[in-house]
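Residue 1 is where the sequence shown starts when you use our numbering, and the numbers rise one by one after that.
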Amino acid sequence: MPHLQFELNFTPEKQAKQVFADAIRRHFASIMSTGTDHIGITFRCYEQGDLVFGRAGGDGQIAFLNADIRLGRTAEQKRRLALAVMDEIGTCWGVPREHVYIVYTEHDGPDFQLSDRVLPSWRAGEDPLHD
């Protein structure tokens, strides 16, 4: 169950968050070769001065993504996802790529617990809730 934790120094409208989350789920499933039903997305929205990112300077919107994912993805997959996320943040909210910071933390499948199962280790093309 990837957990994609977005931290923003602005607060998008509820509908904009839903549109963004739907796009991120599609990107993740396509690039990371998995299903969508197990993808968790959270938004933490802060005031303008509550996030600091050196290369963003003192003004403007900033977005961080802490992405907890299952082990096994290639460096190329992670880079493709990072760029897709940066582009989606830019398209949806006008945040420049230079103001986005993405960090991956990798876990084996059993580190992800759902009410009815423990996720297996990742394998290409799988859908852990429907396999």
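Even glycine gets a Cβ: it sits at the ideal position worked out from N, Cα and C.
Taking the alpha-carbon positions, what's the Q15 to R123 distance? On the sequence shown, residue 15 is found 15 positions in, with the first residue counted as 1. On the sequence shown, residue 123 is found 123 positions in, with the first residue counted as 1. Looking at the two C-alpha atoms, the distance is approximately 33 Å.
- Item | Run of the alpha helix (DSSP H) containing F28, from where it starts to where it stops | Taking the sequence shown and counting its residues from 1, the one referred to as residue 28 is at position 28. The continuous alpha helix (DSSP H) containing F28 extends over residues 14-32.
Item to complete: Starting from the N-terminal side, write out each stretch of the alpha helix (DSSP H) that is 4 residues or longer and does not extend beyond the segment 59-100.
Response: DSSP runs (the alpha helix (DSSP H)) wholly in the segment 59-100: 75-93.
query: Which residues in the same chain as V100 place their Cβ atom closer than 7 Å to its Cβ, once the five residues preceding and following it in sequence are excluded?
result: As a first step, residue 100 must be located in the sequence shown, where it is residue number 100. Once the five neighbours on either side are set aside, the close Cβ partners of V100 are A63, M86, I89.
Please classify A67 as buried or exposed, where buried requires at least 16 other C-beta atoms within 10 Å of its C-beta. In the sequence shown, residue 67 corresponds to position 67, counting from 1. A67 is buried by the Cβ-count criterion.
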